[in-house]
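Enquirer: Heads up, the sequence shown is in this note's numbering, so the first residue is 10 and it goes up one at a time. The C-beta atom is built at its ideal place from N, Cα and C for all residues, glycine as well.
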Amino acid sequence: MQQPPPPLSLVIARIVIVSGVGFCAALGVFLLIGGIWHLGLGFLAATLLFIFLMFFIERLAER
């Protein structure tokens, strides 16, 4: 049997989270290379936050 398609809100959340991870990780590495440590580490911390959100949303979607 086929699984039903995921809800639209889950699809949008995945797109936003993956985009956020990519943007924050790239900007964080760029700022660290440029020597702006505080902002670079902040963006890398935001990357971890987005990854945590992805796991959290996937767990909620399984219910």
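Does DSSP put R72 in a helix, a strand or coil?
Expert: Here R72 sits in coil by DSSP.
Enquirer: Pick out whichever of L58, A22 and W46 has its Cα sitting closest to the Cα of I66.
Expert: When each option's Cα is compared against that of I66, the closest is A22.
Enquirer: Kindly indicate which three-state DSSP category M10 falls into: helix, strand or coil?
Expert: M10: coil per DSSP, three-state reduction.
Enquirer: What residues in its chain sit with their C-beta under 7 Å from that of L62, if we drop five residues either side in the sequence?
Expert: Within the same chain, L62 has close Cβ partners I26.
Enquirer: Check each candidate in P14, M10, W46 and V30 and name the one with the smallest Cα separation from F64.
Expert: Of the listed residues, the one whose Cα sits closest to F64 is V30.
Enquirer: Can you find the residues in the same chain that come closer than 6 Å, C-beta to C-beta, to M10, ignoring five residues on each side of it along the sequence?
Expert: Taken in chain order, the list of residues that qualify is empty.
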